[in-house]
Structures are given as C-alpha cells and as structure tokens.
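A short worksheet on the structure shown next.
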Amino acid sequence: MDLNKLKGQLQTEVDTAFLYDSIANIQSDDTLNRVLKSLADIEKGHAAHMLSKVKEFDSKHEMPLPSSRAKFQLKLGKIFGYSSIISSLSDIEKQFALNAIKNKIENGEKPNGFEHNHLNIIEAVNNNKALNVSGGFLSKFESRHKSVGGNALRAAVLGSNDGLVSNMSLVMGVAGAAVSNNTILLTGIAGLMAGAISMALGEWLSVQSSRELNQRQIDLEMEELEASPEEEKKELVLLYQAKGMNIEEAKKLADKAFETPETAIDAIIKEELGIDKEELGGSAWEAAIASFVLFSIGAIIPLYPFMILDGQNAILLSIGSSVIGLFAIGAAITLLTGKSILFSGFRQVAFGLAAAAVTYGIGSLIGVSLAG
19 MDLNKLKGQL
29 QTEVDTAFLY
39 DSIANIQSDD
49 TLNRVLKSLA
59 DIEKGHAAHM
69 LSKVKEFDSK
79 HEMPLPSSRA
89 KFQLKLGKIF
99 GYSSIISSLS
109 DIEKQFALNA
119 IKNKIENGEK
129 PNGFEHNHLN
139 IIEAVNNNKA
149 LNVSGGFLSK
159 FESRHKSVGG
169 NALRAAVLGS
179 NDGLVSNMSL
189 VMGVAGAAVS
199 NNTILLTGIA
209 GLMAGAISMA
219 LGEWLSVQSS
229 RELNQRQIDL
239 EMEELEASPE
249 EEKKELVLLY
259 QAKGMNIEEA
269 KKLADKAFET
279 PETAIDAIIK
289 EELGIDKEEL
299 GGSAWEAAIA
309 SFVLFSIGAI
319 IPLYPFMILD
329 GQNAILLSIG
339 SSVIGLFAIG
349 AAITLLTGKS
359 ILFSGFRQVA
369 FGLAAAAVTY
379 GIGSLIGVSL
389 AG
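Shown next, in the form of structure tokens:
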C-alpha cells in the first residue's frame with residue numbers, strides 16, 4: 019500500500035468534512051444544516067478509519083488539519099457562491115463511490131447499491147432536485163447562492179485567463195519587434211477590445227441559443243401534455259421512482275402535480291427536462307457583459323505597464339504582472355480540478371510564459387527582417 023496515497027486520501031476526507039461542516043454552519047434552515055452536518059460526521063468517521071490505516075505504516079502520524087486549498091476554496095465560496103463548493107464535493111463523492119465499488123469487486127464482494135448514497139444526496143443539493151425531506155429547503159439553499167455558482171466561477175477563471183494569455187502574447191510579439199510604446203499600446207488596446215467583443219458575442223450567442231432550445235423543449239412538452247396527459251404522467255412516475263421513491267410515493271406525488279395543467283407542466287419541465295422555467299438558461303446579456311469584463315480584466319494586466327513605463331522596464335513589469343496574474347488564475351483553477359495550488363499555479367505560469375516567449379521571438383525576427 020502506498021503511504022503517500024493513504025495520506026492523500028486522509029487529507030481529502032478531512033477537507034471534505036471541513037467543507038460540509040463549514041457550509042452547514044451558515045445555514046438557517048434546520049433540515050439542511052442537519053443533512054450537511056450528518057455528511058460531515060460520516061466523513062470524519064471515514065477520516066478516523068483512514069488514519070488508523072496510515073498509523074499501520076507511520077505510528078506517529080496525527081490527524082491533519084484542513085488544507086490551505088480547502089480554506090481557500092471556502093473563502094472564494096463567499097465571493098462566488100457556495101454552490102461552487104457543492105459542485106466540487108459532488109465530484110469528490112463520485113470518486114469515493116467509484117473507489118468503493120472498485121475495491122468491493124477486487125475483494126470479490128458484490129456492490130450493494132449504497133455506495134452512491136452520499137453522491138445522490140449532494141447532487142440533489144447541487145441540482146436543486148427533490149429529496150425525501152419536506153419543506154423545500156433545497157430550493158431555499160440554491161436561491162441564496164443562485165447568482166453565482168460553479169459555472170460562473172469556471173467562466174470567470176477561463177475568461178480572465180483567455181484575456182491575459184492572448185493579450186500578453188500579442189503585446190510581447192509587438193514588443194519583440196522593437197516598436198514604440200504608442201504602437202504597443204495601440205495594438206494591445208485593439209487586441210483587448212477585439213477579444214472582449216468576440217468573447218461577449220460568443221457568450222451571448224451560446225446563452226441565447228440555449229434559451230431558445232429550452233423554450234422549444236418546453237413547447238414540445240406542452241404539446242405532448244395536451245395530446246396524451248396520461249402518458250406524461252406515467253413518465254413522471256418513473257422519474258420519481260428513478261430518484262429512489264417507492265411506487266406509492268411516486269404516484270402520489272405525480273397525482274398532486276397533475277391536479278392542474280399549470281402544475282403538471284411545471285413538474286415535467288423541472289423533473290424531465292431539468293430546466294428552470296424562470297431563467298431558461300440565464301440572461302444572454304448578463305453572460306455577454308460578464309465575459310466582456312472578465313476578458314478585459316485579464317487583458318489589461320500585461321498592457322498597463324506600457325502606459326506608465328518605456329522600453330525594457332515596461333516589458334519586465336508586464337512580464338512580472340502577468341506571472342502574478344497567471345499564478346492567481348492557476349490557483350483558482352484548483353477549485354475546479356482539485357490539484358495542488360503550487361502545481362496548478364506554476365503550470366499556468368509556464369504555459370503563459372512559453373506562449374509569450376514564442377510570440378516575442380517571432381516579433382524579434384520580424385522586426386530584424388523589416389529593419390534589414
């Protein structure tokens with residue numbers, strides 16, 4: 019058994035329990051607090067079991083504290099919304115479930131179906147789907163943090179990264195040609211505007227197309243409901259059963275949903291299509307504006323030094339600022355990938371500097387050629 023792997027698994031259990039506990043502590047809904055606290059307690063039990071395995075190889079090893087990555091993730095959750103953390107926990111639980119099933123198969127045991135219980139619970143929180151608990155606490159949880167979640171965090175990180183890397187490469191390429199500061203600034207601003215507008219337009223088209231597709235699906239479901247309501251009701255019963263309800267509970271809930279045409283179509287849209295009828299995929303204009311701003315923020319980092327300095331000093335400050343920006347983006351990416359902050363940060367820096375070096379070299383060659 020790999021001791022480092024065991025220690026890594028122990029740290030993951032500790033971090034998972036810490037995040038469950040931390041999110042539970044900020045909830046005002048008693049049911050949600052109790053569900054998350056229960057998950058935290060179970061993860062603490064897993065951590066204690068994992069520690070006993072580690073102690074078989076290293077008797078002096080103590081229970082670790084939550085990692086800096088988990089604490090950093092929690093702090094960013096306050097900014098970007100805790101649903102980004104719930105998404106991350108869902109990925110962790112999915113891996114736990116797969117590992118549990120794999121270990122049972124390797125040991126000749128038959129999976130009992132309970133390996134995915136944690137995953138089902140946390141995904142219900144993440145996707146705002148009905149659990150066998152009353153009170154609609156999941157929708158309350160989502161509404162408190164609905165404005166920004168895992169997708170918004172992903173868009174923020176990738177949008178600013180695109181702006182920084184593309185404009186740094188552009189600026190370094192022009193600087194390599196040994197042109198004046200005014201030319202570098204003009205090129206950089208043009209690159210910023212062109213990239214930001216392109217990103218905004220692409221995001222607008224993507225979200226608007228998604229909205230139109232969702233609306234088309236809703237229209238089709240409404241037509242099917244009018245044509246064959248009993249068939250739609252049977253499908254809804256099957257969907258509820260697939261979520262773990264017994265047939266009596268599923269039929270009772272479906273009967274309640276089909277009391278009126280309005281509640282029936284609402285239930286079908288939510289359960290069968292997984293669409294938020296109120297948002298239909300979000301605002302295309304909000305997505306476009308966010309993409310424009312985030313790309314611009316990243317693109318301005320390698321450009322601003324040429325507004326205050328000249329020549330090599332501006333280039334060095336541009337590179338230094340870009341390195342800091344790239345490392346910060348790499349660190350933020352760990353919230354999506356679960357990798358080490360140092361590894362992800364320095365990897366991002368390496369890729370960004372490599373791109374800038376290539377364009378700087380090409381610019382230098384072109385500059386020499388034009389001068390000759």
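Taking the working numbering, the leading residue of the sequence shown gets 19, the next gets one more, and so forth. Glycine included, C-beta positions come from ideal geometry on N, C-alpha and C.
Per DSSP, reduced to three states, the secondary structure at residue 324 is helical. At least 7 Å separates the beta-carbon of residue 85 from that of residue 27.
Residue environment: residue 334 is assigned as exposed (fewer than 16 neighbouring CB atoms within 10 Å of its CB, all protein chains considered). Look at residue 83 here: in three-state DSSP terms it is coil, with no helix or strand label. Nearest Cα to residue 188 within the set 205, 336 and 236: 205. As summarised for the segment 327 to 372, there are no continuous beta strand (DSSP E) elements at least 3 residues long confined to that stretch. Straight-line spacing of the CA atoms in residue 179 and residue 57 works out to 35 Å. At least 7 Å separates the beta-carbon of residue 243 from that of residue 215. Fully enclosed alpha helix (DSSP H) runs of no fewer than 4 residues occupy 199 to 245 and 247 to 260 of the segment 185 to 269, in order along the chain. For residue 283, the enclosing alpha helix (DSSP H) has its first and last residue at 279 to 286. In the three-state scheme derived from DSSP, where H, G and I count as helix and E and B as strand, residue 90 is classed as helix. Under the three-state reduction of DSSP, residue 180 is assigned to helix.
The Cβ neighbour count for residue 342, taken over all protein chains shown within 10 Å, is under 16; the residue is labelled exposed. Taking each of 312, 249, 35 and 331 in turn and checking the Cα distance to residue 193, the smallest one comes out for 331. Between the alpha carbons of residue 228 and residue 305 lies a gap of roughly 12 Å. Residue 183 and residue 381 have their C-alpha atoms some 16 Å from each other. The shortest C-alpha to C-alpha distance from residue 364 to any of 307, 340 and 378 is the one to 340. By the 16-neighbour rule on beta-carbons within 10 angstroms, residue 74 is exposed. When rounded, the separation of the alpha-carbon atoms in residue 312 and residue 278 is 44 Å. Taking residue 191 as reference, the option from 272, 232, 320 and 63 with the minimal CA-CA separation is 320.
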